[in-house]
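One structure below.
Residue numbers (our numbering): 9 to 327.
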């Protein structure tokens, strides 16, 4: 939601050079009317911005989604029409398809057509039919990832708060009836505070890595599903533990890079800061790395303990 950069006007979106200076090729003096949540890029370089409540970009009505060229002009070839009626928590592009999710209890409307809390949009801005999570037993708050075949994986805690579930949708938007991960765990989180109780990442071998929040935000499980949807017992069921009384300490993201698994912790300071964070008994920081075959902590990554810091919500990797 920033409005300035180094004292210069920059309305929630800015382009910088590699030195951190403002890139004059992009005019940031006018921009988004409110906060953005995600920036993604199509293969041809067009950026797609989605967000919580912005309704205009440089004075043009866009309603929480806009495609822009490198110079900051709107890309008319990505036709978003009337946009979204609700906030978008996050979005990503895979195989030149934009996937977007809203945790609202109401259903998303995109370009006047309603249907789901999760949508897929092609490069021209048209919605891909059939992607709908309505009536599938999926709660409002879930985590998701997309594999390199365009299949969508949804991870969530069951309504009885006893099992971690992963379902898969095919690239045409239909649910994959051949795939289901359903694993019971004790003391799973029974409420949420605007966060998904699970996070998920899918590798190129179609294996899923999942964190599942424990009750009272005291920690989380880390587990792995094989490509056929069964539990990988060689990976074990690992545990994150937080010490203290912070009520919103939780893993907010799990991501795969360079054949390793990275987990991002959000350490809350309310009502009081946590005093330690452990992974299978070893101290960890906001971000730590584990082996994707065994789940063991990677001691080659700097896990210097930093617990009393501002909340970390997202991380990003580039080759």
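Ideal Cβ placement from N, Cα and C applies to all residues, glycine included.
Predicted, not measured: the structure shown is a model, and the values here were computed from it.
Under 8 Å, do residue i and residue j count as touching if we go by C-beta distance?
{"i": "residue 306", "j": "residue 297", "result": "yes"}
{"i": "residue 129", "j": "residue 108", "result": "yes"}
{"i": "residue 211", "j": "residue 158", "result": "no"}
{"i": "residue 261", "j": "residue 288", "result": "no"}
{"i": "residue 172", "j": "residue 220", "result": "yes"}
{"i": "residue 235", "j": "residue 214", "result": "yes"}
{"i": "residue 121", "j": "residue 94", "result": "no"}
{"i": "residue 75", "j": "residue 139", "result": "no"}
{"i": "residue 150", "j": "residue 206", "result": "yes"}
{"i": "residue 183", "j": "residue 144", "result": "yes"}
{"i": "residue 21", "j": "residue 43", "result": "no"}
{"i": "residue 123", "j": "residue 232", "result": "no"}
{"i": "residue 229", "j": "residue 245", "result": "yes"}
{"i": "residue 196", "j": "residue 162", "result": "no"}
{"i": "residue 267", "j": "residue 300", "result": "yes"}
{"i": "residue 226", "j": "residue 249", "result": "yes"}
{"i": "residue 25", "j": "residue 41", "result": "no"}
{"i": "residue 160", "j": "residue 154", "result": "yes"}
Between residue i and residue j, which are expected to be in contact by the criterion C-beta below 8 Å, what is the C-beta distance as a whole number of angstroms?
{"i": "residue 96", "j": "residue 110", "result": "6 Å"}
{"i": "residue 125", "j": "residue 148", "result": "7 Å"}
{"i": "residue 127", "j": "residue 118", "result": "5 Å"}
{"i": "residue 28", "j": "residue 45", "result": "Rounded, the Cβ-Cβ distance is 23 Å, inconsistent with contact."}
{"i": "residue 237", "j": "residue 283", "result": "Incorrect: roughly 38 Å between the Cβ atoms, too far for contact."}
{"i": "residue 73", "j": "residue 56", "result": "7 Å"}
{"i": "residue 132", "j": "residue 168", "result": "About 42 Å separates the two Cβ atoms, so there is no contact after all."}
{"i": "residue 216", "j": "residue 264", "result": "Contact flag wrong, Cβ pair sits at about 10 Å."}
Establish whether the CB of residue i and some CB of chain C are separated by less than 8 Å.
{"i": "residue 10", "result": "Checking the listed chains, one finds no chain C in this structure; it contains a single protein chain."}
With DSSP as the reference, label residue i as helix, strand or coil.
{"i": "residue 249", "result": "strand"}
{"i": "residue 198", "result": "coil"}
{"i": "residue 39", "result": "coil"}
{"i": "residue 19", "result": "coil"}
{"i": "residue 299", "result": "strand"}
With 16 as the cutoff for other CB atoms within 10 Å, does residue i come out buried or exposed?
{"i": "residue 62", "result": "buried"}
{"i": "residue 39", "result": "buried"}
{"i": "residue 10", "result": "exposed"}
{"i": "residue 308", "result": "exposed"}
{"i": "residue 259", "result": "buried"}
{"i": "residue 71", "result": "buried"}
{"i": "residue 83", "result": "buried"}
{"i": "residue 49", "result": "exposed"}
{"i": "residue 273", "result": "buried"}
{"i": "residue 80", "result": "buried"}
{"i": "residue 199", "result": "exposed"}
{"i": "residue 90", "result": "exposed"}
{"i": "residue 52", "result": "exposed"}
{"i": "residue 192", "result": "exposed"}
{"i": "residue 179", "result": "buried"}
{"i": "residue 257", "result": "buried"}
{"i": "residue 78", "result": "exposed"}
Per DSSP, what are the beta-bridge partners of residue i in this structure?
{"i": "residue 59", "result": "44"}
{"i": "residue 259", "result": "273"}
{"i": "residue 227", "result": "249"}
{"i": "residue 26", "result": "BP columns for residue 26 are empty, so no partner."}
{"i": "residue 74", "result": "57"}
{"i": "residue 92", "result": "118"}
{"i": "residue 210", "result": "216"}
{"i": "residue 98", "result": "109"}
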